[in-house]
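Student:
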Amino acid sequence: MVKQVSSPKGAIPYSYYTLPGVCLPALIEDNNRSLGNDILGKQYQNTLFQINYGVNVDCATLNIQYPKNCPDSNFSSNQVSKLRTLIDMGYLVTFIVDDHPINRWISYNTNDGIPFGEKTYEGYVLYNHLKFDFYTNNGQIFKSTVNGDSYQYELSSDPYKKCPNIKGFSPIVPPEGELPPIIWTYSVSFTETQSMNIPNESVSTTPHRVRWFSLLNSFLINIFLGIIVWMAYGISTNKPSFLKYYQDNANAKFENGWRLIHGDVFRQPRHSMILSSLVGMGTQFIVVLVLLFLNQLYLDHQL
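When we follow my numbering, the leftmost residue of the sequence shown carries the number 6, and every step to the right adds one.
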């Protein structure tokens, strides 16, 4: 499966099959397996990559396997401009195998997905070859990575699951004008290992960020619960004193002390419900504004 394409720099996600030049399945199926995915608008769709457990694929060409599903016409100027924008914004493609995301492995660091291409000193290039690596142990996949390469192929009548001849590297996305059709290839590698020292990217993929908003929220909840407990304990402890102040004293000629001042100090204000609502909403609004200015509200929490 493939997840919708998203970027940390852009707020608009795209369906993988709305990207220019990709090979489309004959029937695109949505595989949203949870209510949380539907609520958050996450999209999981099937792909044309044939990945079977334990089966290595040296090289396979989607254009040869599915000639009717891959575009054979040139990229238009608008499509070329969109490709450059996707690369500039750092949009990432995340593939899902065995309910685990396949991450990109670069210099002992991992990303949540693989970019559509990159910008080099020569210009913009596309990753038209994907290399999937799976590490297994006792019949289970515990690590999976994907890396992209850029090749220029000569498409011919090669046998099934064979890559065309490579005539160059880095298919350049021109600044403007049209772009020839892209030939998409991939390879699959399964490695059985008894060592579990290889880090599992499905558990920890990116450096952890300090969630200041979550920490502040937990802190305020603890303070609020502490105040509630203190109030309950204080009322139960001082109950005899309150009862003493409220007892009628038939011999007293006038009221003094607590009974003299409690009527003024603790008098209920007018329109108390409206006042409390305005104070509550105003406080919440001010707190949210402060957090927004501090850039501490993250919108990438997942269910």
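We treat Cβ as the ideally placed atom computed from N, Cα and C, and that holds for glycine.
Would you kindly report the start and end of the unbroken alpha helix (DSSP H) that includes leucine 29?
Tutor: Here residue 29 corresponds to residue number 24 of the sequence shown, with the count starting at 1. Run containing leucine 29: none; DSSP gives neither H nor E here.
Student: If you count every other CB in all the chains shown that lies within 10 Å of the CB of phenylalanine 290, and 16 or more means buried, which is it?
Tutor: Counting from one through the sequence shown, the residue named residue 290 turns up at place 285. It counts as exposed.
Student: Would a C-beta distance cut-off of 8 angstroms place valine 193 and isoleucine 69 closer than the cut-off?
Tutor: Walking along the sequence shown from the start, residue 193 turns up at place 188. Walking along the sequence shown from the start, residue 69 turns up at place 64. Taking 8 angstroms as the Cβ cut-off, valine 193 and isoleucine 69 do not qualify as a contacting pair.
Student: Report the CB separation of proline 274 from leucine 280 in whole angstroms; it is logged as a contact under 8 angstroms.
Tutor: By 1-based counting over the sequence shown, the position of residue 274 is 269. By 1-based counting over the sequence shown, the position of residue 280 is 275. Indeed, because the Cβ distance is near 6 angstroms, the residues count as touching under 8 angstroms.
Student: Given this structure, state the Cα-to-Cα distance separating phenylalanine 218 from phenylalanine 229, to the nearest angstrom.
Tutor: Position 213 of the sequence shown holds residue 218. Position 224 of the sequence shown holds residue 229. Those two C-alpha atoms are separated by around 16 angstroms.
Student: Would DSSP call threonine 125 helix, strand or coil?
Tutor: As a working mapping, residue 125 is identified with position 120 in the sequence shown. Looking at threonine 125 - three-state DSSP - the assignment turns out to be strand.
Student: On the DSSP bridge list, what partners appear for proline 18?
Tutor: Your numbering for residue 18 matches position 13 in the sequence shown. Paired residues: none, contrary to the question.
Student: With a threshold of 6 angstroms on Cβ separation, who are the neighbours of aspartate 154 within its own chain once the five nearest residues in sequence on each side are excluded?
Tutor: As a first step, residue 154 must be located in the sequence shown, where it is residue number 149. Contacts found: His134.
Student: Quick one: give me the first and last residue of the beta strand (DSSP E) that glutamine 84 is part of.
Tutor: Counted from its first residue, the sequence shown places residue 84 at position 79. Not the beta strand (DSSP E): glutamine 84 falls in the alpha helix (DSSP H), residues 82-93.
Student: Tell me whether tyrosine 96 sits in a helix, a strand or coil according to DSSP, three-state version.
Tutor: For the purposes of this step, residue 96 is taken as residue 91 along the sequence shown, with counting starting at 1. Three-state result, tyrosine 96: coil.
Student: With a 10 Å radius around its C-beta and 16 neighbouring C-beta atoms as the bar for buried, classify leucine 225 as buried or exposed.
Tutor: Working through the sequence shown from its first residue, we reach residue 225 at position 220. Classification for leucine 225: exposed.
Student: Whole angstroms is fine: what's the gap from asparagine 36's alpha carbon to valine 7's?
Tutor: As a first step, residue 36 is located in the sequence shown; it is residue number 31 there, counting from the start. As a first step, residue 7 is located in the sequence shown; it is residue number 2 there, counting from the start. Their backbone Cα atoms lie some 10 angstroms apart in a straight line.
Student: Which of helix, strand or coil does DSSP assign to valine 295?
Tutor: Residue 295 sits at position 290 when you count from the first residue of the sequence shown. Of the three classes helix, strand and coil, the one that applies to valine 295 here is helix, per DSSP.
Student: Do you know offhand how far serine 83's Cα is from glycine 118's?
Tutor: Locating residue 83 in the sequence shown gives position 78, counting from the first residue. Locating residue 118 in the sequence shown gives position 113, counting from the first residue. It is asparagine, not serine, that sits at residue 83 in the sequence shown. Spanning the two alpha carbons is a distance of roughly 25 angstroms.
Student: So, under 8 angstroms CB-CB, valine 85 and leucine 184 are touching, yes? Tell me the CB distance rounded to an integer number of Å.
Tutor: For this step, residue 85 is matched to residue 80 along the sequence shown. For this step, residue 184 is matched to residue 179 along the sequence shown. With a beta-carbon spacing of about 5 angstroms, valine 85 and leucine 184 fall inside the 8 angstroms limit used to define contacts.
Student: Where does valine 208 fall in DSSP's three states?
Tutor: For the purposes of this step, residue 208 is taken as the residue at position 203 of the sequence shown. With a pLDDT of 47 at valine 208, under the threshold of 50, the predicted position of this residue should be treated as unreliable, though the coordinate-derived value follows. If DSSP states are grouped into helix, strand and coil, valine 208 belongs with coil.
Student: Skipping 5 residues on each side, what residues in its chain have a beta carbon closer than 6 angstroms to that of serine 12?
Tutor: For this step, residue 12 is matched to residue 7 along the sequence shown. Scanning its chain for C-beta atoms nearer than 6 angstroms, with the 5 sequence neighbours on each side dropped, one finds around serine 12 the residues Met94, Gly95, Tyr96, in chain order.
Student: Where does the unbroken alpha helix (DSSP H) through glutamine 70 begin, and where does it stop?
Tutor: In the sequence shown, counting from the first residue as 1, residue 70 sits at position 65. Looking at the DSSP string, the run of the alpha helix (DSSP H) that includes glutamine 70 is 67-70.
Student: For phenylalanine 137, report the span of its beta strand (DSSP E) as first-last.
Tutor: The residue given as residue 137 occupies position 132 in the sequence shown. Run containing phenylalanine 137: 134-142, per the beta strand (DSSP E) assignment.
Student: I need the DSSP call for tyrosine 191, collapsed to helix, strand or coil.
Tutor: Working through the sequence shown from its first residue, we reach residue 191 at position 186. Reduced to three states, the DSSP call for tyrosine 191 is strand.
Student: For the beta strand (DSSP E) that contains proline 106, what are its first and last residues?
Tutor: Position 101 of the sequence shown, counting from 1, holds the residue named residue 106. Residues 105-107.
Student: From lysine 87 to proline 25, what distance separates their C-alpha atoms?
Tutor: Here residue 87 is taken as the residue at index 82 of the sequence shown, counted from 1. Here residue 25 is taken as the residue at index 20 of the sequence shown, counted from 1. Distance between the alpha carbons of lysine 87 and proline 25: 8 angstroms.
Student: Hey, would you say asparagine 79 sits closer than 8 angstroms to leucine 53, going by beta carbons?
Tutor: Looking up residue 79 in the sequence shown gives position 74. Looking up residue 53 in the sequence shown gives position 48. The answer is no: Cβ separation not under 8 angstroms.
Student: What span of residues does the beta strand (DSSP E) with aspartate 154 cover, start to end?
Tutor: Within the sequence shown, numbered from 1, the residue matching residue 154 stands at position 149. Here the beta strand (DSSP E) through aspartate 154 covers 145-154.
Student: Out of Leu221, Thr288, Trp235, Thr90, which one is the CA nearest neighbour of isoleucine 17?
Tutor: As a first step, residue 17 is located in the sequence shown; it is residue number 12 there, counting from the start. The residue with the shortest Cα to Cα distance from isoleucine 17 is Thr90.
Student: Given that a residue counts as buried once 16 or more other Cβ atoms are within 10 Å of its Cβ, and exposed if not, what is threonine 150?
Tutor: On the sequence shown, position 145 is the one that residue 150 refers to. Buried: at least 16 other Cβ atoms inside 10 Å.
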